[in-house]
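Before any comments, here is the structure.
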């Protein structure tokens, strides 16, 4: 019957630990204060043997030791798992709830033992010197602990400290009882609800699946803690020299390879290595073709097949045809096949043919594209607008230029108009619409921000983004500058 209700599907439902996560958040301060009180009291009692012997209560040291040890463990455990518990599935909350239940039992033992020598409230602390004084006792436990201190702490103050510790212990016990109840109870409730909403004919192997999942959850918690500690160690180790990091990384790899198999053996059984037997698959996958196709000669690839158009086109006919085509049409025609590419752009004559096509295409009156300098005409051009910084690439990048272009492109404060550039007719001119100042070679100049500049592009460049076009234009201007320097050096050498 138990295996019928503990279904594996219910143990995988996420968010079961959300209610316990709320109580965990509320228990941060309570558990921290309780463990701090317990650590202080344990240190005071353990240092003096007189406080551990009769006539005082023999459970004092035992109770404070439980609070000092398990109270601190509960505080760190609660702080580390309050967020993961909220998003943890039912299996995880069931495993976490089991350890929460163990901590709750330890808290209950400590609170019960403390109730034997600590008052329930602060009223009896007014007469703390005579608290539980019986037989041959002269003073109470609180008076004896205050006397062992070098500063002679009053007994009533020590008594009130123990009362506060006991109250925080009761609060911690209540909170962790709720946490354990919601973790275990909701996980089992979800399993029961899943069983009610699904098929009732559950076979016995479902209990095996639950046991396997429980074992995986038990192993997952220490494994995740190991991964967390490993990550913290790697962050700290990154501050050390490289030589030390290499040794530490070698040690981590050795540990991972040595202990990695037992850890992952719980999750999935490693298959036994088996030799690979090669089989002849030719008879199974041999294509079956008709008899008439088997004797047919192999067909030549389409990329290298000869076409009638490629055999017809020669240099004279190409020049006549190019007068009625655009330069982009010639490029597209060369991409149709390998033989067509060889006819239009023969090997070793690419540059010469490109100059001829630029001269004859677009009816012989083409002008270069602004971005790639491909010949275009009025019928195949595309217009695109650029800003001042995008359209004036050479001046934006502070590249060398002649004095005439610099005077025509850069406007001083006293002028009202930018004149036409002397070396590039496509740049045009513009009126100053909105004045703003930019620094150019330590002098302030007046330019426009609202005005947009139109540039003539080919169909291929028109589909590209602006940043790509500006980069292509800048590369062309760099090549022009290098060619100009080279020609200048050659002229000086001839002189």
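In the working numbering, the protein residues as written are 755 to 1249. Beta carbons: idealized from backbone N, C-alpha and C, even for Gly.
Residue 811 places its beta carbon less than 7 Å from that of residue 870.
Cβ contact annotation for residue 906 (same chain, cutoff 8 Å, sequence separation greater than five): 900, in chain order.
In chain order, 927 place their CB closer than 8 Å to the CB of residue 862, counting only its own chain and leaving out the 5 sequence neighbours on each side. Here the alpha carbon of residue 1139 sits roughly 5 Å from the alpha carbon of residue 1207. Boundaries of the beta strand (DSSP E) around residue 1139: 1136 to 1140.
Residue state for residue 986 is assigned as helix, using DSSP reduced to three classes. For residue 1210, the enclosing beta strand (DSSP E) begins and ends at 1207 to 1211. By the neighbour-count definition (other C-beta atoms within 10 Å, threshold 16), residue 1098 is a buried residue.
DSSP places residue 1109 inside the alpha helix (DSSP H), whose first and last residues are 1104 to 1114. Residue pairing by DSSP places residue 1121 opposite 1130 in a beta bridge. Taking C-beta separations shorter than 6 Å and ignoring five residues to either side along the sequence, the partners of residue 991 in its chain run 999 and 1002, following chain order. Annotation for residue 897: the continuous alpha helix (DSSP H) segment containing it runs 895 to 902.
Segment contact: the segment 810 to 829 against the segment 876 to 885, fewer than three CB-CB distances shorter than 8 Å; contact not assigned. Assignment of residue 937 by DSSP, reduced to helix, strand and coil, places it in the helix class. Counting along the chain, no alpha helix (DSSP H) covers residue 811, and no H or E run does either.
Counting the other Cβ atoms within 10 Å of the Cβ of residue 830 gives fewer than 16, which makes it exposed. Listed in chain order, the non-local C-beta contacts of residue 773 below 6 Å within the same chain comprise 936, local neighbours out to five positions each way being set aside. In the pairwise beta carbon analysis, the segment 832 to 847 is classified as not touching the segment 793 to 808: fewer than three pairs are separated by under 8 Å.
About 7 Å separates the CB atoms of residue 919 and residue 795; that is less than 8 Å, so the two are in contact. Taking every protein chain shown into account, the CB of residue 1081 has 16 or more other CB atoms within 10 angstroms, so this residue is buried. C-alpha of residue 805 to C-alpha of residue 893: approximately 12 Å in a straight line.
Residue environment for residue 1010: exposed (fewer than 16 other C-beta atoms within 10 angstroms of its C-beta).
A residue is called buried once 16 or more other Cβ atoms fall within 10 Å of its Cβ, and residue 1129 is buried on that count. Secondary structure note for residue 778: its alpha helix (DSSP H) is the uninterrupted segment 772 to 800. In this structure, residue 776 lies away from residue 854, with their beta-carbon atoms at least 7 Å apart. When C-alpha distances from residue 1115 are compared across 1087, 1095, 1083 and 867, the shortest belongs to 1083. Only exposed fits residue 994, as fewer than 16 other CB atoms lie within 10 angstroms of its CB.
The DSSP-derived three-state label of residue 1219 is coil. Residue 913 carries a helical assignment under DSSP once its states are collapsed to helix, strand and coil. Taking C-alpha positions only, residue 1100 is separated from residue 1210 by approximately 30 Å. Here the alpha carbons of residue 898 and residue 807 stand approximately 12 Å from one another.
At the C-beta level, residue 822 and residue 793 come within 7 Å of one another. Under the three-state reduction of DSSP, residue 869 is assigned to coil, being neither helix nor strand. Taking 7 Å as the cut-off, the Cβ atoms of residue 1141 and residue 1215 do not count as close. The beta carbon of residue 1131 sits closer than 6 Å to those of 1116 and 1120, all from its chain and outside the five residues before and after it, given in chain order.
Ranked by Cα distance from residue 832, the first of 1096, 931 and 1137 is 931.
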